[in-house]
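In the order they appear, the protein sequences are chains L and G.
Under this note's numbering, the first residue of the first sequence carries the number 1, and numbering increases by one thereafter.
Under this note's numbering, the first residue of the second sequence carries the number 112, and numbering increases by one thereafter.
C-beta atoms are modelled at their ideal positions from N, C-alpha and C, and glycine is treated no differently.
Taking it in order: structure first as structure tokens, then the write-up.
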Amino acid sequence: GENVEQHPSTLSVQEGDSAVIKCTYSDSASNYFPWYKQELGKGPQLIIDIRSNVGEKKDQRIAVTLNKTAKHFSLHITETQPEDSAVYFCAATYGNNRLAFGKGNQVVVIP
Amino acid sequence: NAGVTQTPKFQVLKTGQSMTLQCAQDMNHNSMYWYRQDPGMGLRLIYYSASEGTTDKGEVPNGYNVSRLNKREFSLRLESAAPSQTSVYFCASRVGTGYKNIQYFGAGTRLSVL
């Protein structure tokens, strides 16, 4: 099955700085890579996704990049704000209907 | 539009007790999922249902059973709860076909087994 590794496990940034979270995956057949944000006490929520035939995608202050050859993808958050503090999960598809999730990354934005 | 609704929100069980976690979605999605979330372990798939009438094991199915009651509802049953099943349980449903697998999650059920 698919194995998704996510680093670092915890990331602290000053408000206004950028945050980068990196993930690697093992299954070369994976073709879709979503990122989820989980706020305290809530379920994860999709924030951005990328398909394997695309190298980069942006949505306001967040962006995702994908290097299919190296099997890694990254989430970039620019101009971080306190409301960006959360746990972020990367994921990759495997099989016809499943997602394999990374272990999550706690992002703390320091005001 | 409620999305994915899970009940109960919190539950405390004694070892050996049984219970059923309920999940319902009102988005007419075909696929539904049960995950457990433990500290430092991310989200691990317990069971999923690709469509009404089908269920399949995920990564950590031991100690659980599921029922896809109809298109809206997908329940998770613990027949004899163990302390190792203390966790936060999330139900999700999927929108998208082909390569797209966008999952909508419920708010979770926090379960403690004593």
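Any chain L beta carbon closer than 7 Å to Y175/G
no
Once the 5 residues before and after N206/G are set aside, which same chain residues still bring their CB inside 6 Å of it?
Asn is not the amino acid found at residue 206/G; the sequence shown has Val there. Closer than 6 Å at Cβ, skipping near neighbours: H140, I213.
State the Cα-Cα distance for the pair T65/L and K182/G, rounded to the nearest angstrom.
36 Å
Are C23/L and G95/L close, meaning C-beta to C-beta below 7 Å?
no
Residues that DSSP places opposite E190/G in a beta bridge:
E190/G is not bridged to any residue.
Within the segment 140-202 of chain G, note down every full beta strand (DSSP E) run reaching 3 residues or more, in order along the chain.
Annotation: the segment 140-202 of chain G contains the following complete segments of the beta strand (DSSP E) (minimum length 3 residues), in chain order: 142-149, 153-160, 175-179, 185-189.
Taking Cβ-Cβ distances shorter than 9 Å, what residues in chain G pair up with G104/L?
Q148, G151, M152, G153, L154
Could you confirm whether any beta carbon from chain L is found closer than 7 Å to the beta carbon of S142/G?
yes
Given a threshold of 16 other Cβ atoms within 10 Å of its Cβ, counted over all protein chains shown, does T69/L qualify as buried or as exposed?
That one is exposed.
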